[in-house]
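Residue numbers (our numbering): 2 to 299. Structure record follows, encoded as structure tokens.
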Ligand SMILES: C[S@@+](CC[C@H](N)C(=O)[O-])C[C@H]1O[C@@H](n2cnc3c(N)ncnc32)[C@H](O)[C@@H]1O
């Protein structure tokens with residue numbers, strides 16, 4: 002059994018929340034993810050089942066939001082945003098999708114494999130072992146055209162690992178780096194971006210980051226208990242950025258920022274149309290960049 006380090010344990014929470022969303026009627030959901038519950042371990046599947054009972058659901062939302070106000074909705078909106086971007090890329094005929102720190106993410110199953118595109122999932126060894134086993138139990142196999150590769154971004158060579166899994170660095174790709182950068186050091190975030198700088202022009206990247214002014218205690222954003230737990234006590238959140246810093250960070254590695262979204266965009270695009278009037282935590286934001294062409298860079 003591969004030991005699961007503290008950062009790897011964080012793969013489960015997002016899928017519990019995504020799975021609970023599926024308990025809502027279809028016309029009230031932010032996204033459809035029938036596979037989420039199937040990837041969870043039995044104890045967490047039981048929790049999701051219990052949350053079909055509304056008071057239990059509300060209790061879990063309240064417990065989550067007691068760590069960071071609006072955390073539940075922020076996570077759901079983040080999932081929806083990444084789904085939209087993956088769908089857009091598939092529509093635009095991108096054929097390779099790389100999930101860095103994939104956790105229990107189900108997009109290979111739901112979106113990428115059904116479209117005939119290739120998925121490259123990477124994560125810490127413990128989560129790759131778990132996911133491989135769970136996919137085999139739940140589906141009898143891993144999805145077609147999908148590889149699961151153990152990569153510790155801190156210590157391993159991502160370029161080599163992807164190439165060994167069959168990734169084609171000469172073809173455009175989409176990289177999905179969702180809820181991972183905070184677990185890394187700045188050196189590793191930069192090393193990873195430097196690796197992705199070898200991707201073909203037209204490639205796309207989405208990544209989330211936590212606000213540095215929250216991590217360093219300058220602002221609370223209603224999330225002081227989350228800082229206490231993940232920064233002070235468990236020492237798993239390290240890296241953060243400020244919104245105005247991301248265009249330069251991307252530019253340094255050959256990417257152009259096209260969009261950055263947070264609570265305002267999530268509320269306008271996703272929550273308001275469904276009449277869901279809930280708070281969204283501002284501590285995490287999503288950035289979308291496109292790989293500049295060689296001419297644009299020179
Ligand atoms: C909060 S989970 C997010 C999982 C998934 N991307 C999602 O959004 O549902 C963070 C993920 O980052 C992975 N992770 C943390 N540190 C890592 C590292 N050094 N190298 C690779 N993956 C890492 C964890 O194992 C975990 O799966």
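We put the CB at the ideal spot given by N, CA and C, even for glycine. This structure is a prediction, so every number in the text was calculated from the model and none was measured.
query                                                                                                                        : result
Exposed unless 16 or more other CB atoms sit within 10 angstroms - verdict on residue 7                                      : exposed
Distance CB(residue 279)-CB(residue 264) smaller than 8 Å                                                                    : no
Cβ shell of residue 186 (< 8 Å), same chain only, five flanking positions each side left out                                 : 155, 239, 240
Spatially closest choice to residue 290 from 208, 234, 277, by CA coordinates                                                : 208
Heavy atom of ligand 1 within 7 Å of residue 233 beta-carbon                                                                 : no
Proximity test, residue 241 beta-carbon vs ligand 1 heavy atom, cut-off 7 Å                                                  : no
Residue 194, DSSP secondary structure in three states                                                                        : helix
Assumed close pair residue 250, residue 243 - CB separation to whole angstroms, cut-off 8 Å                                  : Going by Cβ atoms, the distance from residue 250 to residue 243 rounds to 10 Å, so no, they are not a contact pair.
Proximity below 8 Å, CB of residue 126 to CB of residue 151                                                                  : yes
Close Cβ partners of residue 91 (< 8 Å) along its chain, the five nearest in sequence each way excluded                      : 112, 113, 116, 118
Same chain, Cβ closer than 8 Å to residue 169, neighbours up to 5 away in sequence not counted                               : 97
Contact check, residue 284 vs residue 224, beta carbons under 8 Å                                                            : yes
Short Cβ contact (8 Å threshold) for residue 23 with residue 34                                                              : yes
Residue 165 burial status per 10 Å Cβ neighbour count (16 or more: buried)                                                   : exposed
Sub-8 Å separation of residue 67 and residue 202 beta-carbons                                                                : no
Neighbourhood of residue 299 by C-beta distance below 8 Å, restricted to the same chain and skipping five residues each side : Only weak support exists for where residue 299 lies, its pLDDT of 49 falling under 50; the value from the coordinates is given anyway. Cβ within range, chain order: n/a, list empty.
Distance, residue 205 Cα to residue 255 Cα                                                                                   : 11 Å
Segments assigned beta strand (DSSP E), at least 3 residues, entirely inside the stretch 257–281                             : none
Nearest to residue 198 (by Cα), restricted to the options 52, 142, 292                                                       : 292
Integer-rounded CB distance, given that residue 161 should sit under 8 Å from residue 79                                     : In fact, because the Cβ distance is near 30 Å, the residues do not count as touching under 8 Å.
Distance cut-off 7 Å: residue 180 Cβ against heavy atoms of ligand 1                                                         : yes
Cβ-based neighbour list, residue 232, same chain, cut-off 7 Å, excluding 5 preceding and 5 following                         : 216, 238
Buried versus exposed call for residue 314 [16 or more other C-beta atoms within 10 Å across all chains shown]               : Residue coverage of the chain in this structure runs from 2 to 299, which leaves residue 314 outside it and unanswerable.
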